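> Submitted below is the structure of interest, expressed as structure tokens.
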Amino acid sequence: MSNKPANKIQDLQYFGEFGGVNPSISDSATYTFLHAKTMLDTFEGHAEGCYLYSRHTSPSNLYLSEALAAMEFTETANVAASGMGAITSVIMQICSAGDHIISSRTIYGGSYAFLKNFVPKFNISTSFVDITSLEAIKKAITPKTKMIYCEALSNPLLEVANISELSKIAKKHNILLVVDNTFTPLIISPKKLGADITIHSLTKFINGTNDTVGGVVCGSQEFIDNLRNVNDGAAMLLGPVMDSVRAASILKNLRTLHIRMKKHSENALFLAENFEKDGLKVVYPGLKSHPDYNLFKEMYNEEYGFGGILTINVGSLNKTNELMELMQNENLGYLAVSLGFYKTLFSAPGTSTSSEIPLEEQQKMGLSDGIIRFSIGLDNDIERTYRAMRKCMTKVGINLG
Ligand SMILES: *Cc1c(COP(=O)(O)O)cnc(C)c1O
29 MSNKPANKIQ
39 DLQYFGEFGG
49 VNPSISDSAT
59 YTFLHAKTML
69 DTFEGHAEGC
79 YLYSRHTSPS
89 NLYLSEALAA
99 MEFTETANVA
109 ASGMGAITSV
119 IMQICSAGDH
129 IISSRTIYGG
139 SYAFLKNFVP
149 KFNISTSFVD
159 ITSLEAIKKA
169 ITPKTKMIYC
179 EALSNPLLEV
189 ANISELSKIA
199 KKHNILLVVD
209 NTFTPLIISP
219 KKLGADITIH
229 SLTKFINGTN
239 DTVGGVVCGS
249 QEFIDNLRNV
259 NDGAAMLLGP
269 VMDSVRAASI
279 LKNLRTLHIR
289 MKKHSENALF
299 LAENFEKDGL
309 KVVYPGLKSH
319 PDYNLFKEMY
329 NEEYGFGGIL
339 TINVGSLNKT
349 NELMELMQNE
359 NLGYLAVSLG
369 FYKTLFSAPG
379 TSTSSEIPLE
389 EQQKMGLSDG
399 IIRFSIGLDN
409 DIERTYRAMR
419 KCMTKVGINL
429 G
């Protein structure tokens with residue numbers, strides 16, 4: 029068995045209904061049974077190879093799920109209509125009234141808002157901690173703690189979670205470790221480092237073409253069966269189901285993920301190193317100046333690099349906005365949220381994707397107005413891009429060395 033996640037994707041062999049090289053798309057919401065008894069067995073979850081209803085699962089969704097499980101080294105997986113559909117159903121599946129969650133305080137704005145504003149309605153509480161402080165996490169554990177929730181590489185501050193150490197703490201206290209791996213597909217394999225559940229927003233790097241939202245939960249067969257249980261499974265009952273046509277389309281894009289990740293990483297490292305040389309404040313896990321550079325190197329699957337996301341700090345919101353508008357005018361990328369696209373995307377997290385986080389909290393965690401988050405695209409000639417970006421920076425009055 030291969031240890032490389034991209035090899036696991038390559039080794040998938042699916043045939044379409046008529047011998048097609050891509051699996052056929054299942055174009056049905058419901059499925060027939062030749063024998064009534066089999067229908068009952070399927071309801072109860074033990075009729076191998078039978079389909080019931082597409083909110084439960086469909087052949088196309090299973091193909092994509094199994095491919096993502098192979099990539100993440102988990103027993104199985106379940107795709108969802110969006111990353112938030114995956115995240116919220118995992119949280120609602122694991123936690124009941126009275127339970128407690130420990131979450132990194134630097135997470136995707138939607139995940140933060142769900143934990144901060146939504147789950148308290150169900151009497152579930154969350155402690156937001158600095159995920160790089162193992163002491164803070166140990167201190168936050170209570171007898172009611174059910175889950176430690178974090179992102180392998182956090183949004184938007186690019187903090188690195190020490191998954192192995194977190195997993196040791198979690199196991200000791202019988203707590204589940206849930207890792208959102210959206211920023212680092214292929215690069216980090218949370219399951220291998222001890223995570224119980226790995227989640228992705230497929231919307232980003234994995235699909236890579238920004239034509240759909242999607243999500244996935246990768247975990248044990250038991251957990252995924254529970255998630256899909258017709259009586260009390262959050263994925264089944266909340267219904268964040270992916271459409272079959274989308275599942276088929278994302279699966280085709282997954283086949284080129286390794287090539288894209290290598291290029292995203294190569295381009296991002298080039299820009300990060302050069303912007304840093306220019307005297308800008310750059311945060312990128314592939315820079316020796318990143319506080320978790322060594323930790324990242326201990327955890328990563330080296331051949332895919334350090335990822336496609338970097339941030340720079342240009343000092344003020346005015347300069348941030350001016351620079352982003354100018355770069356868009358110069359066709360260096362789009363002023364847009366999201367990431368993992370073939371073109372470069374940039375946004376100011378404080379006023380966009382992290383705006384759910386109160387200002388005061390933002391300041392505490394080091395999220396300042398001058399930060400621009402870049403998702404670096406697949407530019408063929410990154411030196412040309414670098415020169416053009418540098419020109420924009422000079423033009424808006426940013427001091428370069
Ligand atoms: C985008 C994103 C999400 C949410 O995913 P959607 O597909 O937009 O629902 C969750 N986590 C991270 C880290 C993200 O970047």
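Under the working numbering, the first residue of the sequence shown is numbered 29, with each subsequent residue one higher.
From the three backbone atoms N, C-alpha and C, an ideal C-beta is built for every residue, glycine too.
Keep in mind it's a predicted model, so treat the numbers as computed, not measured.
Which same chain residues, not among the five before or five after residue 430, have their C-beta less than 6 Å away from its C-beta?
The shown model of the chain, from 29 to 429, leaves out residue 430, and the question about it has no answer.
> Looking at the strands, I want to know which residues DSSP matches up with residue 277.
Paired residues: none, contrary to the question.
> Within a Cβ cutoff of 8 Å, which residues of the same chain sit near residue 81, ignoring the five residues on either side of it in sequence?
57, 58, 59
> Below 7 Å, is the gap between the Cβ of residue 208 and the nearest heavy atom of ligand 1?
yes
> For the region 50-133, which segments carrying the alpha helix (DSSP H) assignment without a break, of at least 4 residues, lie completely within its bounds, in sequence order?
64-71, 87-100, 111-122
> When you compare only the Cα positions, how much space is there between residue 55 and residue 92?
15 Å
> For residue 334 and residue 318, what's the separation of their Cα atoms in angstroms?
Each residue's alpha carbon lies about 11 Å from the other.
> At the level of alpha carbons, what is the spacing between residue 50 and residue 44?
5 Å
> Can you give me the C-alpha to C-alpha distance between residue 363 and residue 400, rounded to a whole angstrom?
So the alpha carbons of these two residues sit roughly 10 Å apart.
> Does DSSP classify residue 253 as helix, strand or coil?
helix
> On the CB-based measure, 16 or more other CB atoms within 10 Å of its CB, does residue 247 come out buried or exposed?
The residue is buried, with at least 16 neighbouring Cβ atoms inside 10 Å.
> Taking all protein chains shown into account, decide if residue 273 is buried (16 or more other Cβ within 10 angstroms of its Cβ) or exposed.
exposed
> Is residue 98 near residue 245, with beta carbons less than 8 Å apart?
Against a cut-off of 8 Å, the Cβ pair of residue 245 and residue 98 comes out as no contact.
> Please report the straight-line C-alpha distance between residue 268 and residue 410, rounded to a whole angstrom.
38 Å
> Please tell me whether residue 136 and residue 179 are closer than 8 Å, where the distance is taken between their beta carbons.
yes
> Is the Cβ of residue 46 closer than 8 Å to any Cβ of chain B?
Here chain B cannot be found, since the structure has a single protein chain.
> Measure the C-alpha to C-alpha separation of residue 163 and residue 193 and round it to an integer number of angstroms.
About 11 Å.
> If you count every other CB in all the chains shown that lies within 10 Å of the CB of residue 38, and 16 or more means buried, which is it?
Per the 10 Å Cβ criterion, exposed.
> Counting along the chain, where does the alpha helix (DSSP H) carrying residue 414 start and finish?
410-423
> Short of 7 Å in beta carbon distance, which residues of its chain neighbour residue 375, apart from the five on each side in sequence? Order them along the chain.
Shown here for residue 375: same chain residues with a beta carbon closer than 7 Å to its own, the five before and five after excluded, namely 363, 364, 365, 381, 401 in chain order.
> If you measure between the beta carbons of residue 118 and residue 270, is that distance less than 8 Å?
no
> Using only CA atoms, which one of 67, 52, 33, 61 lies nearest to residue 258?
That would be 67, whose Cα lies nearest to the Cα of residue 258.
> Measuring CA to CA, which of 88, 355, 292, 339 is closest to residue 397?
339
> Tell me which same chain residues have a C-beta within less than 7 Å of the C-beta of residue 122, skipping the five on either side of it?
174, 175, 204
> Using 8 Å for Cβ pairs, my map puts residue 420 next to residue 358. What's the rounded Cβ distance?
6 Å
> Do residue 128 and residue 172 count as a contact pair if the criterion is CB distance below 8 Å?
yes
> Would the C-beta of residue 231 count as close to ligand 1, meaning under 7 Å from any of its heavy atoms?
yes
> Quick check on the burial criterion: 16 or more other C-beta atoms within 10 angstroms. Buried or exposed for residue 42?
Residue 42 comes out exposed.
> Report whether the distance from the Cβ of residue 179 to the nearest heavy atom of ligand 1 is below 7 Å.
yes
> Tell me whether residue 177 sits in a helix, a strand or coil according to DSSP, three-state version.
strand
> How many angstroms separate the CA atom of residue 322 from the CA atom of residue 314?
9 Å
> What distance in whole Å lies between the Cβ atoms of residue 189 and residue 159, which are believed to be in contact at a cut-off of 8 Å?
Rounded, the Cβ-Cβ distance is 5 Å, consistent with contact.
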